[in-house]
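*Asks:* Each number in my numbering comes from the position in the sequence shown (counting from 1) with 23 added on. Virtual Cβ for every residue (Gly too), placed ideally from N, Cα, C.
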Amino acid sequence: MNQHRLAFWSIQASELLQRLQTTQEGLTSDEAQQRLIRYGPNLLTPRKRIDALMLLLAQFKSPIILILIFAVILSFFLGDPVDTIIILIIIFISGLLGFWQEWGAANVVERLISTVRVNATVLRDRDRKEIPVGDVVPGDIVLLAAGDGIPGDCLILESRDLFINEAALTGETYPVEKVPGVLPKEKPLGQRTNSLFMGTHVVSGTAKAMVLYTGAETEFGKVFKHLEFRPPETEFEHGVRRFGYFLIEVTLLLVITIFAINAYLARPILESFLFALALAVGLTPQLLPAIISVNLAHGAKRMARQKVIVKRLASIENFGSMNVLCSDKTGTLTEGVMRIQAALDVDGNQSEKVLLYAYLNAIYESGFVNPIDKAIRAHRTFDLSAYRKLDEVPYDFIRKRLSILVSKEDTHIMVTKGALHNVLVLCTSAEISRGIIVDIDVAREQILQRFERLSGEGFRVLGIAYRDIGSISIITKDYEAGMTFLGFIVFYDPPKSGVAEAIDHLRHLGVSLKIITGDNRLVAASVSKQVGLSDPQILTGHDLRLMSDEALLRQVNYINIFAEIEPNQKERIILALRRAGNVVGYMGDGINDAPALHVADAGISVDSAVDVAKDAADIVLLEKDLSVLAQGVREGRVTFANTLKYVFMATSANFGNMFSMAGASLFLPFLPLLPKQILLNNLMTDFPEMTIATDSVDNEMVDRPRRWNIRFIRTFMIIFGILSSVFDYLTFGALLLILHATVDQFRTGWFIESVISASMIILVIRTRRPFFKSMPGKYLLTATLLIIVGTSLLPFTPLKKIFEFSPLSVSFFLIMWMIVVFYIIAAERIKEAFYKRVEF
24 MNQHRLAFWS
34 IQASELLQRL
44 QTTQEGLTSD
54 EAQQRLIRYG
64 PNLLTPRKRI
74 DALMLLLAQF
84 KSPIILILIF
94 AVILSFFLGD
104 PVDTIIILII
114 IFISGLLGFW
124 QEWGAANVVE
134 RLISTVRVNA
144 TVLRDRDRKE
154 IPVGDVVPGD
164 IVLLAAGDGI
174 PGDCLILESR
184 DLFINEAALT
194 GETYPVEKVP
204 GVLPKEKPLG
214 QRTNSLFMGT
224 HVVSGTAKAM
234 VLYTGAETEF
244 GKVFKHLEFR
254 PPETEFEHGV
264 RRFGYFLIEV
274 TLLLVITIFA
284 INAYLARPIL
294 ESFLFALALA
304 VGLTPQLLPA
314 IISVNLAHGA
324 KRMARQKVIV
334 KRLASIENFG
344 SMNVLCSDKT
354 GTLTEGVMRI
364 QAALDVDGNQ
374 SEKVLLYAYL
384 NAIYESGFVN
394 PIDKAIRAHR
404 TFDLSAYRKL
414 DEVPYDFIRK
424 RLSILVSKED
434 THIMVTKGAL
444 HNVLVLCTSA
454 EISRGIIVDI
464 DVAREQILQR
474 FERLSGEGFR
484 VLGIAYRDIG
494 SISIITKDYE
504 AGMTFLGFIV
514 FYDPPKSGVA
524 EAIDHLRHLG
534 VSLKIITGDN
544 RLVAASVSKQ
554 VGLSDPQILT
564 GHDLRLMSDE
574 ALLRQVNYIN
584 IFAEIEPNQK
594 ERIILALRRA
604 GNVVGYMGDG
614 INDAPALHVA
624 DAGISVDSAV
634 DVAKDAADIV
644 LLEKDLSVLA
654 QGVREGRVTF
664 ANTLKYVFMA
674 TSANFGNMFS
684 MAGASLFLPF
694 LPLLPKQILL
704 NNLMTDFPEM
714 TIATDSVDNE
724 MVDRPRRWNI
734 RFIRTFMIIF
744 GILSSVFDYL
754 TFGALLLILH
764 ATVDQFRTGW
774 FIESVISASM
784 IILVIRTRRP
794 FFKSMPGKYL
804 LTATLLIIVG
814 TSLLPFTPLK
824 KIFEFSPLSV
834 SFFLIMWMIV
844 VFYIIAAERI
854 KEAFYKRVEF
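#1: Can you give me the Cβ contacts of S748 inside the same chain, cut-off strictly under 7 Å, excluding the 5 residues immediately before and after it?
#2: Which of the three DSSP states, helix, strand or coil, is assigned to Y858?
#3: Can you name the start and end residues of the beta strand (DSSP E) that K668 belongs to?
#4: With DSSP collapsed to three states, give me the class of Q553.
#5: Check H224 in the structure and name its three-state DSSP category.
#6: Is it buried or exposed for S316, if we count other Cβ within 10 angstroms and need 16 for buried?
#7: At the level of alpha carbons, what is the spacing between L598 and T357?
#8: What's the C-alpha gap between E776 and I848?
#9: So, V651 versus Q329, is the Cβ gap smaller than 8 Å?
#10: With a floor of 4 residues, list each alpha helix (DSSP H) that falls wholly inside the stretch 501-554, ordered by position along the chain.
#11: Which one or two residues does DSSP pair with V347 in a beta bridge?
#12: Could you check the C-alpha separation between G371 and T404 for me, to the nearest Å?
#13: Counting C-beta neighbours from all protein chains within 10 Å, is the total for T451 16 or more, i.e. buried, or is it exposed?
#14: Taking C-alpha atoms, which residue in M783, F186, I281 and F31 lies nearest to L178?
#15: Nearest by alpha-carbon distance to T507: which of R473, I463 and A547 is it?
#16: If we ignore side chains and look at the alpha-carbon of each, how far apart do T738 and A523 end up?
#17: If you drop the 5 nearest sequence neighbours on each side, which residues of the same chain put their C-beta closer than 6 Å to that of H249?
#18: Do L413 and I386 have their CB atoms nearer than 8 Å?
#19: Ends of the beta strand (DSSP E) at Q560?
#20: Could you check if G322 is buried or exposed, using at least 16 other CB atoms within 10 Å of its CB as the buried criterion?
#21: Answer with buried or exposed for S37, where buried requires no fewer than 16 other C-beta atoms within 10 angstroms of its C-beta.
#22: Secondary structure at N188, three-state DSSP: helix, strand or coil?
#23: Specify, as a first and last residue, the run of the alpha helix (DSSP H) that F755 falls within.
#24: Work out the CA separation of M610 and H528 for me, nearest whole Å.
#25: Tell me whether P618 sits in a helix, a strand or coil according to DSSP, three-state version.
#26: Since I487 and A381 are thought to touch, with beta carbons under 8 Å apart, how far apart are those beta carbons, to the nearest angstrom?
#27: Is S182 buried or exposed, if buried means 16 or more other CB atoms sit within 10 Å of its CB?
#28: For the alpha helix (DSSP H) that L575 lies in, which residues bound it at each end?
#29: Would you call the stretch 572-584 in contact with the stretch 495-502, where contact means no fewer than 3 C-beta pairs closer than 8 Å?
#30: Is there contact here, the stretch 197-204 with the stretch 664-672, by at least three beta-carbon pairs under 8 Å?
#31: Got a sec? Which residues, its chain only, sit under 7 Å from I842 by beta carbon, not counting five neighbours each side?
#32: Which runs of the beta strand (DSSP E), 3 residues or longer, sit entirely within the stretch 460-508?
#33: Of all the options I460, T237, W731 and V446, which has the alpha carbon lying nearest to the alpha carbon of I60?
#34: Considering only their Cβ atoms, is the gap separating P559 from E594 smaller than 8 Å?
#35: Sorted by chain position, which residues of the same chain lie with C-beta nearer than 6 Å to G659's C-beta, five sequence neighbours on each side aside?
#36: By Cβ distance, which residues of its chain are closer than 7 Å to R792, with the 5 residues on each side in sequence left out?
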């Protein structure tokens, strides 16, 4: 079947099976592979393959580089072939360095992301198989359960109590019930109750469905393509872009001014143009994209060792900048393994009947497998040979209860289990000790008091109610009325060992924890105190409903616990925290966490989460543990700090050197450096900077969240750039007035001082401490020493003729080193004063 649009909801399933040449038992593996080739991967955007050639060519896409290449080729035809070849070789080597860095980074990221896959369950070769969602093809038969994402546009073949969250596609807040059938062709998207759509997910129930459209051909794919969706730009990406614009402005101004002045001074036009372009290349941080990619990839690799998998590299900065972490209580602060503490009747006595009815409800439940039902099933087994399941009204997050209809002999009993208030509201009577039935008003106060006492002790308490509904064999939500309250199921989920220390660790990292839970306020308060959150401020879902957005914005920073929260309120809380100026991380693993994960600055899930949560997350933890998260936060900050180091380097010594050369060219009767010497200077200073991703980071740079600050970087550039220029002009003076250097000696001496000072200053500006008190990474230190030695020896090698260098005497080197040493001392003193006055 061609992937053209078809009103499949109005066609019989048997006809569609024929059209797609498939069966209820699914495709064979061979047929599925052929269709994958024909229709392509099931992706909204094509999978980006890492093309080595395109990545290499991308290193030369800078307009300045392209103009420079054009200019040197022009120079070749005008009779300067040697310089042309030298400059082209330098440009090519520089591009190879960037390519080598980005190629390695891209492969690291690809391997890491492949460890977190979202799968779909399909029938292949008449057997159930788990396959990556990207491999689903038209004609596949998919099996769906609660928590599964819909892997394509599908027609339902079979379903049982199926409810779908379609908010991402239709905007409908509440889950929609779906059933097999045939509908009129005119049915709008939101009313196609026999159809499932990519981008939505199963809230409860099960289904068997046939895939008709995948990838960009789905309804969601068409919306995606039309709106050209892309992940929102992170603060770091925004800062890099603004920084890039700033440098472009400075570079263009420099190029135009230098070229114009040199042309005015009647210097050779082509030489002046090449000089101006070479200056621009020297000023431009060409390796910035590669350095960012390598830093992020290296950080992702380090984070993976801490059991934190990064799906979207740009989120690392947000992860490190995070100052508020929102998390559920269950499984994060607590063990997440529910245990039954007691089954009590209304009077507080242990009750076999309450336990039996809870077991009936849990054992016959067919929707989302949850810790509560697991705990009931594991606590004790009953002989259910006399019972038979008739029907079920599955749990949903609005009703917060689950009803099961069972038969025993000639009696049909509906058993409802759920949040106590949501069960109690259904009841008109209560069963007290010895089976006595009383009006609910008689027992209500006693029930609520017992519930509050148990909740205050940290127990999770659910209500159990029942109703004899005669001979009825099918139930709906409407039958949840006129029930008899039977008793309480009391659960205990102990706090994790070490969780208090992990919370304290996060607090010392500047990350405050806010708990968002559906549990009642008493349980949440009790557990929070057990894990070290003393005197917490609590806001309930009921109070939140009555609160305006403005009132929430004023209070949200002071609330520690959001209790009794409904799923659609989580997103509102996250948005309010962000509007209040926070960088917010949200940790979720459930069906209803996807919206909050999407709107958080850093969406965090776990490998054991439902597919829809993993798919929405930026970061996936291999262990649901706050201590793992704390380590990931530190690694995110290390990555951010090392990225900024390169920015500081590119905006201090490099900027100062290029600015000095530009100024010197105005009063010297010759160019201070030849274009090929400038490019070689730029290439050699790039070597130490390439190792910055492996550099060590001082503790004070990761002790609190830090955010991109373009104003700080601009100030840093101006102060340290001017400092660099001051010592550059001292070098010019020493070369001309003390050493009486010839033109070649001047260029050689200036080249050596420029490269060595730029390399040495890296060791100063990489830390806030005195540089001798902060040990750099071994690769950075080694690269710096090699460049210093190599630069000093360069005038004595055969390369001196190619680059027109001249050997220097010992006195030249002594004076050059004196200037470098004084430059380092001055930089240290100014750095100390700078950080005392300028906050970052």
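*Replies:* Reading it off the structure:
#1: G679, F682 and S683
#2: helix
#3: That residue, K668, is in no beta strand (DSSP E); its alpha helix (DSSP H) goes L649 to A673.
#4: helix
#5: strand
#6: buried
#7: 26 Å
#8: 15 Å
#9: yes
#10: 522-531 and 544-553
#11: S535 and V607
#12: 22 Å
#13: exposed
#14: F31
#15: I463
#16: 41 Å
#17: Because H249 carries a pLDDT of 49, less than 50, the predicted location of this residue cannot be relied on, and no value is offered for it.
#18: no
#19: Here Q560 belongs to no beta strand (DSSP E), and DSSP marks it neither H nor E.
#20: buried
#21: exposed
#22: strand
#23: I733 to G756
#24: 17 Å
#25: helix
#26: 6 Å
#27: buried
#28: D572 to Q578
#29: no
#30: no
#31: F750, L753, T754, A757 and E776
#32: 460-462 and 483-491
#33: T237
#34: no
#35: I339, F342 and G343
#36: D721
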